[in-house]
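Asks: Starting off with a structure, shown below.
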Amino acid sequence: MKRQRTTQWNDADCLGLGWASAAESKQKGKQGGGGEAGGSQGKGGGAKKLAKKGEELKEEMDALVDEIDEVLEENAEEFVKNYVQRGGE
Amino acid sequence: MAIPTVMGTEIEYGITVKNDRDFDPISSCVLLVNSYREERVARILWDYDQENPLADARGFQVDGEKYTPNQQENIARNKTLENGARYYVDHAHPEYSCPEVTNPHELVVHEKAGERIVEISRREANALLPEGMLMLIHKNNSDHKGNSYGSHENYLMNRQASFKQIVEHLMPFFVSRQVYTGAGKVGSENRAQPCDYQLSQRADFFETEVALDTMVKRPIINTRDEPHADREKYRRLHVIVGDANMSEYTIYLRQGATALALAMIEDGAVDQELSLRDPVRAIKEVSHDVSLKHEVELQNGRRMTAVQLQREFFEMAERYVASREMPEWSVDVLAKWDEVLDALEHDPRQLADRIDWVTKLVMMEQFMERKGLDWQSPEVAMMDLQFHDLRPDKGLYYLMERQGHVQRLVTDAEINRAVTEPPEDTRAYFRGQCLKRYGDEVFGVNWDSISFGIGDEPIKRVLMAEPLKGSKAHVGELLERSKDAAELVLNLRA
Chain P
6 MKRQRTTQWN
16 DADCLGLGWA
26 SAAESKQKGK
36 QGGGGEAGGS
46 QGKGGGAKKL
56 AKKGEELKEE
66 MDALVDEIDE
76 VLEENAEEFV
86 KNYVQRGGE
Chain W
5 MAIPTVMGTE
15 IEYGITVKND
25 RDFDPISSCV
35 LLVNSYREER
45 VARILWDYDQ
55 ENPLADARGF
65 QVDGEKYTPN
75 QQENIARNKT
85 LENGARYYVD
95 HAHPEYSCPE
105 VTNPHELVVH
115 EKAGERIVEI
125 SRREANALLP
135 EGMLMLIHKN
145 NSDHKGNSYG
155 SHENYLMNRQ
165 ASFKQIVEHL
175 MPFFVSRQVY
185 TGAGKVGSEN
195 RAQPCDYQLS
205 QRADFFETEV
215 ALDTMVKRPI
225 INTRDEPHAD
235 REKYRRLHVI
245 VGDANMSEYT
255 IYLRQGATAL
265 ALAMIEDGAV
275 DQELSLRDPV
285 RAIKEVSHDV
295 SLKHEVELQN
305 GRRMTAVQLQ
315 REFFEMAERY
325 VASREMPEWS
335 VDVLAKWDEV
345 LDALEHDPRQ
355 LADRIDWVTK
365 LVMMEQFMER
375 KGLDWQSPEV
385 AMMDLQFHDL
395 RPDKGLYYLM
405 ERQGHVQRLV
415 TDAEINRAVT
425 EPPEDTRAYF
435 RGQCLKRYGD
445 EVFGVNWDSI
455 SFGIGDEPIK
465 RVLMAEPLKG
475 SKAHVGELLE
485 RSKDAAELVL
495 NLRA
């Protein structure tokens with residue numbers, strides 16, 4: 006049963022990257038894996054496009070880390086230490 | 005044999021107040037629940053009279069103390085809302101039980117409406133707290149200190165289905181479904197093997213296979229037998245093994261796949277022998293294995309991964325759905341179940357936009373890498389909590405959702421509507437509409453009844469033993485005709 010992937014990360018998918026492995030592969034210099042889905046990348050400009058995609062994804066991930074940083078509880082250690090619940094069902 | 009789907013969830017939320025040296029969870033819960041203002045419901049009782057939590061599905065009654073609050077306590081702790089939900093204090097947790105729905109999509113809508121209602125009341129409660137204190141609510145199951153609280157699912161079943169069969173087939177289903185239902189958790193608890201990260205917030209807390217208790221020595225399959233419906237016809241399967249899920253997709257798949265598994269069990273369509281040698285051990289092994297490669301041992305000697313077990317259930321479900329008239333949602337659930345299993349089989353991180361434990365894991369990995377942190381860092385434990393924070397501007401799940409990193413299945417318009425409107429196709433409609441129309445005359449409510457205090461007359465209790473009766477189609481016209489409770493009761497009798 007062939008299905009269309011309808012995730013927000015269609016571009017990431019056709020590179021065969023989940024959005025975490027994009028950062029990994031950028032680091033290891035890999036150029037994306039399994040591209041059986043999508044595969045609209047032409048042969049010539051393919052590698053360049055992939056690299057750019059990887060770069061964009063890395064930026065987006067960095068941006069996410071920054072956003073998390075902004076809202077994350079400042080006194081993490083204290084909060085975690087003091088967070089206690091009664092047992093429930 | 006398999007009956008139309010009726011389901012609902014009850015979520016116990018975590019509660020805390022920052023900078024409150026004398027924090028008392030119970031009084032904070034009472035404040036929270038009472039801060040949600042729907043005028044008419046302010047003084048309605050929850051009707052404990054017909055509740056029987058000590059009835060065991062294996063056919064006996066357990067001796068024990070059934071706690072029933074006095075009237076004043078009752079009113080303070082219980083709110084039945086105009087959308088048919090129950091919002092109340094359960095021991096030391098705020099709890100939201102959504103109204104009865106007939107399909108997984110509606111379940112997502114109403115569970116999410118519950119989050120909104122709890123958040124609205126949190127904001128109101130906060131306004132009443134002394135300067136510097138901050139009430140926080142988390143939709144989670146674990147405090148990293150050995151305490152756990154539940155997110156329960158309820159599924160209406162045919163009473164004819166043998167409980168023994170239900171236990172036998174559901175056990176491996178529950179142990180393995182964590183691969184897509186887990187909410188993710190940093191570390192381990194309750195004397196389980198240490199680990200950096202695991203799939204489920206609850207797995208470590210399960211200590212027996214089948215039992216009545218929900219708070220100590222928790223069982224994978226709970227035998228509580230309180231149908232809140234015609235007990236000759238129905239069973240309400242009370243599932244305590246699930247996680248508090250944030251992602252709409254995860255909630256949807258959890259409900260849909262489980263409902264299909266139950267329908268198959270009712271119809272004797274589970275034809276694979278998948279019983280596990282040691283489910284209590286396996287549930288932790290599966291949860292602790294983020295690689296998804298660990299094989300659990302079956303009673304018949306075979307070894308399979310949790311994903312393979314789910315694949316077996318999926319294939320049976322596919323054959324089952326193809327062989328009969330099934331509700332529309334079953335086709336979509338199958339499609340999503342298949343997609344998710346595919347991803348779990350090949351590249352689980354593809355599911356970062358759909359499945360809670362993956363979203364959380366990937367988010368944490370990114371953060372640790374960028375900041376040079378590790379699994380022992382307090383920031384990571386903090387992320388585990390803050391993922392479940394209900395504040396839309398601070399909760400990390402909501403951040404992911406807002407930035408488009410996770411898929412949505414329902415709309416904000418649907419959720420907002422469900423905050424005040426009951427589902428139209430179950431008895432929740434009758435309950436909610438009675439509260440809207442005759443709220444001043446409602447004396448008490450339970451899932452399967454509603455009582456009216458009309459003038460000086462004795463209380464009149466209307467029984468609602470059929471979950472599918474009381475729908476808009478069934479009573480809409482009757483309600484329109486009845487301008488007050490007296491007329492309603494008269495018209496019901498006619």
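As you go down the protein sequences, you meet chains P and W in turn. In terms of the numbering used here, the first sequence is residues 6 to 94. In terms of the numbering used here, the second sequence is residues 5 to 498. Using N, Cα and C, we set each Cβ at its ideal position, and we do this for glycine too. Predicted model, so just to flag it, every value in this text is computed and none were measured.
1) Cβ of P:Gly59 less than 7 Å from any chain W Cβ?
2) Shorter than 7 Å from the beta carbon of P:Glu82 to some beta carbon of chain W?
3) Which of helix, strand or coil does DSSP assign to P:Met6?
4) Any beta carbon of chain P sitting closer than 7 Å to that of W:Lys473?
5) Do W:Pro471 and W:Thr430 come within 7 Å of each other at the CB atom, strictly closer than that value?
6) Cα separation between W:Trp361 and W:Leu345?
7) In chain order, what residues of the same chain have a beta carbon less than 8 Å from the beta carbon of W:Ile121, not counting five sequence neighbours either side?
8) Residues of chain A with CB under 7 Å from P:Leu62, in chain order?
9) If we define contact as Cβ-Cβ less than 7 Å, is P:Glu94 a contact residue for chain W?
10) Starting from W:Thr3, find everything on chain P with Cβ-Cβ shorter than 7 Å and list it in chain order.
11) Note down, in chain order, each residue of its chain lying with its Cβ closer than 7 Å to the Cβ of W:Phe318, except the 5 sequence neighbours on either side.
12) Identify the continuous beta strand (DSSP E) that holds W:Met11 and give its terminal residues.
13) Between the beta-carbon of W:Val34 and the beta-carbon of W:Val93, is there less than 7 Å?
14) On the premise that W:Thr262 lies in contact with W:Ala61, defined as a C-beta separation below 8 Å, what is that separation, rounded to the nearest angstrom?
15) For W:Leu494, is the classification buried or exposed, using 16 other Cβ atoms within 10 angstroms of its Cβ as the cut-off for buried?
16) Check the Cβ-Cβ distances between P:Glu75 and every residue of chain W, and say whether any is below 7 Å.
17) Could you tell me if W:Gly136 is buried or exposed, where buried requires 16 or more neighbouring beta carbons within 10 angstroms of its beta carbon?
18) Just how far apart, CA to CA, sit W:Val37 and W:Pro98?
19) Within 10 Å of its beta-carbon, does W:Gly154 have 16 or more other beta-carbons around it, so buried, or fewer, so exposed?
20) Quick check: what's the CA-CA separation for W:Lys536 versus W:Glu322?
21) Helix, strand or coil: which one does DSSP assign to W:Pro176?
22) Suppose you measure from the CA of W:Tyr253 to the CA of W:Arg421; what does that come to, to the nearest Å?
23) CB-CB under 6 Å to W:Gln202, same chain, minus the five flanking residues each way: which ones, in chain order?
24) If you measure from the beta carbon of W:Phe27 to each beta carbon in chain P, is any gap under 7 Å?
25) With respect to the beta strand (DSSP E) encompassing W:Tyr91, which residues constitute its N-terminal and C-terminal limits?
26) Measure the C-alpha to C-alpha separation of W:Pro427 and W:Trp451 and round it to an integer number of angstroms.
27) What in chain P is Cβ-close to W:Leu400, meaning under 7 Å?
28) Specify the secondary structure class of W:Phe210 as computed by DSSP and reduced to three states.
29) Would you say P:Glu78 reaches chain W, if we count a Cβ-Cβ gap shorter than 7 Å as a contact?
30) Is W:Arg41 helix, strand or coil by DSSP?
31) Quick check on the DSSP output: what are the complete alpha helix (DSSP H) runs of length 4 or more inside the region 345 to 395 of chain W, in order along the chain?
32) Check W:Pro223 in the structure and name its three-state DSSP category.
33) Rounded to the nearest angstrom, how far is the Cβ of W:Met386 from that of P:Leu77, given a contact under 8 Å?
34) If you draw a straight line from the C-alpha of W:Tyr159 to the C-alpha of W:Ala129, how long is it?
35) Are three or more beta carbon pairs between the region 411 to 421 of chain W and the region 462 to 479 of chain W nearer than 8 Å?
36) With H, G and I counted as helix, E and B as strand and the rest as coil, what does DSSP make of W:Gly150?
Replies: Inspection of the coordinates gives the following:
1) no
2) yes
3) Legend: pLDDT at P:Met6 = 37, less than 50; position of this residue unreliable, no value from coordinates given.
4) no
5) yes
6) 14 Å
7) Tyr40, Leu85, Ala89, Tyr91, Tyr100, Val423
8) This model lacks chain A altogether, as its protein chains are P and W.
9) yes
10) The question about residue 3 of chain W has no answer, for chain W in this structure spans 5 to 498.
11) Trp341, Asp342, Leu345
12) 11 to 16
13) yes
14) About 17 Å; that fails the 8 Å criterion.
15) exposed
16) no
17) exposed
18) 7 Å
19) buried
20) Any answer about residue 536 of chain W is impossible in this case: the structure gives chain W only from 5 up to 498.
21) helix
22) 20 Å
23) Lys189, Ser291, His292
24) no
25) 90 to 94
26) 14 Å
27) Ile73
28) strand
29) yes
30) coil
31) 360 to 375, 382 to 390
32) strand
33) 6 Å
34) 33 Å
35) no
36) coil
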